[in-house]
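Below: one structure, written as structure tokens.
2 protein chains.
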Amino acid sequence: MNETIDLILKRRSIRNFSKKLISEADLKSIVECGLFAPSARNKQNWHFTVITNKDRIEEINNLAIEGMGRIGVEKEEGFHIFYHAPVVIIISSKIEGFAEVNTGCVIENMSLAAKALGLGSCIIGQTKYVYQQANKADMNHVLKIPENYEHDISICFGYPEKGDEEAKPRKENVVDYIL
Amino acid sequence: MNETIDLILKRRSIRNFSKKLISEADLKSIVECGLFAPSARNKQNWHFTVITNKDRIEEINNLAIEGMGRIGVEKEEGFHIFYHAPVVIIISSKIEGFAEVNTGCVIENMSLAAKALGLGSCIIGQTKYVYQQANKADMNHVLKIPENYEHDISICFGYPEKGDEEAKPRKENVVDYIL
């Protein structure tokens, strides 16, 4: 059995985090793995906003929840877009060829690095709803997204509250072969 | 040292492949790792076309090179978009929220799985140039992309011809912290 392949097959989104904080060394390692993602023409045209400040995480959650309300996206009472995780990373990029594919490589590296360190993660698209609140420049300021960069997605991290669950079943018939 | 993190940091794009073929078991493992990528709302709205047929790989390369010529993208004589790799996988998806980010997660999983198996890979955007040749439906037929799915990107695999090189240097000042 190959350790990395085993880890890839066992990774799953975690939506229950304990209150235990992530060490600086582990966080640094996750960020570094994100930075070592491949990018089209090696442009590395991404930016990461790493947030461990609890008040700021709450603020972003509130902005997103209110934004969801404004456009009628319903969620149960008490829903938290980051599931109260202690660390959130916002990924943004300069919009040029394959930026979002690059971002996918970044978050997958981060997600696998987290699992390798015994941590859990969940990729969060809902940070996009903060943009329902005010103009893009102001919201980019809150998220510390540089000028000419666009919000892509975010990912949150923490220690899983529950034990390892299985990944969800995979769809069938999505692979064709030309042999 | 953590094996998976070490592997993430050492992964790099390979553009020189030996003639050695990839075993069926290794290819199956790479495809499976792609299928176990996360996807927004677990939609798994992707499709993989796995190509080991040398003639078909050459055909796609020729279509892409000709397409590049049509719109004036210059490349040196003899350039091969897949660097003569023995396996190519085309990733396509239904265009709905975060499809390209999902695809990034897929190719990064595949790329890391390949490295874990001693193989090399290169993510290839240039398959998009085949669409300069004929209408989208006809080209999707060549690439075996299902109806209502769109070409995202491709990735090729093989045994690296040269030894392990270092990943390219990383850009500085792309991470901001809110502590």
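Line order of the protein sequences matches chains A and B. Using the numbering used here, read the first sequence as starting at -2 and increasing by one per residue. Using the numbering used here, read the second sequence as starting at -2 and increasing by one per residue. The C-beta atom is built at its ideal place from N, Cα and C for all residues, glycine as well.
According to DSSP, simplified to helix, strand and coil, what is threonine 100 (chain B)? Here threonine 100 (chain B) carries a helix assignment [DSSP, helix/strand/coil].
Which value, in whole angstroms, describes the spacing of the CA atoms of aspartate 173 (chain B) and phenylalanine 154 (chain A)? So the alpha carbons of these two residues sit roughly 17 Å apart.
Along the beta strand (DSSP E) that carries glutamate 147 (chain A), what are the first and last residues, could you check? Where glutamate 147 (chain A) is concerned, the enclosing beta strand (DSSP E) starts and stops at 146 to 155.
Please give me, in chain order, every unbroken run of the beta strand (DSSP E) with length at least 3 that falls completely inside the stretch 41 to 108 of chain A. For the stretch 41 to 108 of chain A, whole beta strand (DSSP E) runs of length 3 or above, ordered along the chain, are 43 to 48, 84 to 91.
I'd like to know if phenylalanine 95 (chain B) contacts chain A, where contact means its C-beta is closer than 9 Å to some C-beta of that chain. So yes, phenylalanine 95 (chain B) belongs to the interface.
Mind listing the chain A neighbours of histidine 44 (chain B)? Cutoff is C-beta to C-beta under 8 Å, in chain order. Those within 8 Å of histidine 44 (chain B) in chain A are Val171, Val172, Asp173.
Where does serine 10 (chain B) fall in DSSP's three states? It is a strand residue.
Could you check if asparagine 42 (chain B) is buried or exposed, using at least 16 other CB atoms within 10 Å of its CB as the buried criterion? Classification of asparagine 42 (chain B): buried, given that the 10 Å Cβ count is 16 or more.
Would you say aspartate 149 (chain A) reaches chain B, if we count a Cβ-Cβ gap shorter than 9 Å as a contact? Under the Cβ criterion of 9 Å, aspartate 149 (chain A) is counted among the residues facing chain B.
According to DSSP, tyrosine 174 (chain A) sits in a beta bridge with which residue or residues? B:Val47, per the DSSP bridge assignment.
Buried or exposed, going by whether 16 or more other CB atoms sit within 10 Å of the CB of alanine 82 (chain A)? Alanine 82 (chain A) is buried by the Cβ-count criterion.
For the alpha helix (DSSP H) that glycine 117 (chain A) lies in, which residues bound it at each end? In the DSSP assignment, glycine 117 (chain A) falls outside any alpha helix (DSSP H) and lies within the beta strand (DSSP E) extending over 117 to 121.
Taking only the alpha-carbon atoms, compute the straight-line gap between alanine 37 (chain A) and serine 10 (chain B) and give it to the nearest angstrom. Their backbone Cα atoms lie some 11 Å apart in a straight line.
Contacts of serine 26 (chain B) in chain A (Cβ-Cβ under 7 Å): Result: Ile2.
Secondary structure at leucine 24 (chain B), three-state DSSP: helix, strand or coil? In the three-state reduction of the DSSP assignment, leucine 24 (chain B) falls in the helix class, which pools H, G and I.
Starting from valine 139 (chain A), trace the alpha helix (DSSP H) in both directions and tell me its first and last residue. It spans 133 to 139 - the alpha helix (DSSP H) in which valine 139 (chain A) sits, taken as one unbroken run.
CB-CB under 7 Å to alanine 110 (chain A), same chain, minus the five flanking residues each way: which ones, in chain order? Contacts found: Ser26, Ile27, Cys30.
Any chain B beta carbon closer than 9 Å to asparagine 58 (chain A): Not closer than 9 Å to any Cβ of chain B, the Cβ of asparagine 58 (chain A) fails to qualify, so no.
Compute the distance between the beta-carbons of valine 84 (chain A) and valine 139 (chain A), then report whether it is under 9 Å. The answer is no: Cβ separation not under 9 Å.
Any beta carbon of chain B sitting closer than 9 Å to that of phenylalanine 33 (chain A)? For phenylalanine 33 (chain A), the answer is yes, since a Cβ of chain B falls inside 9 Å of its Cβ.
Count Cβ pairs between the stretch 111 to 120 of chain B and the stretch 56 to 63 of chain B that sit closer than 8 Å; are there 3 or more? No, the stretch 111 to 120 of chain B is not in contact with the stretch 56 to 63 of chain B.
When you compare each of A:Thr124, A:Pro157, A:His44, A:Ile150 to lysine 91 (chain A) by their alpha carbons, which one comes out closest? Checking every option, the nearest Cα to that of lysine 91 (chain A) belongs to A:His44.
For serine 108 (chain A), go through chain B and note every residue whose CB falls closer than 9 Å to its CB, in chain order. Using a Cβ-Cβ cut-off of 9 Å, serine 108 (chain A) is close to Pro35, Cys102 of chain B, given in chain order.
Which value, in whole angstroms, describes the spacing of the CA atoms of valine 127 (chain B) and arginine 67 (chain B)? The straight-line gap from Cα to Cα measures roughly 10 Å.
If you measure between the beta carbons of valine 171 (chain A) and valine 98 (chain B), is that distance less than 9 Å? Against a cut-off of 9 Å, the Cβ pair of valine 98 (chain B) and valine 171 (chain A) comes out as no contact.
Taking C-alpha atoms, which residue in B:Pro35, B:Lys72, B:Tyr80, B:Asp23 lies nearest to lysine 51 (chain B)? Per the Cα distances, B:Tyr80.
Under 9 Å between beta-carbons, which chain B residues line up against threonine 124 (chain A)? List them in chain order, please. Contact of threonine 124 (chain A) with chain B by beta-carbon distance below 9 Å is absent, the smallest such distance being about 12 Å.
Residue-level contact to chain B via CB, glutamine 130 (chain A), 9 Å cutoff: Not an interface residue.
Below 7 Å on C-beta distance, what does alanine 82 (chain B) contact in chain A? Within chain A, no residue comes near alanine 82 (chain B); the closest Cβ sits about 14 Å away, beyond 7 Å.
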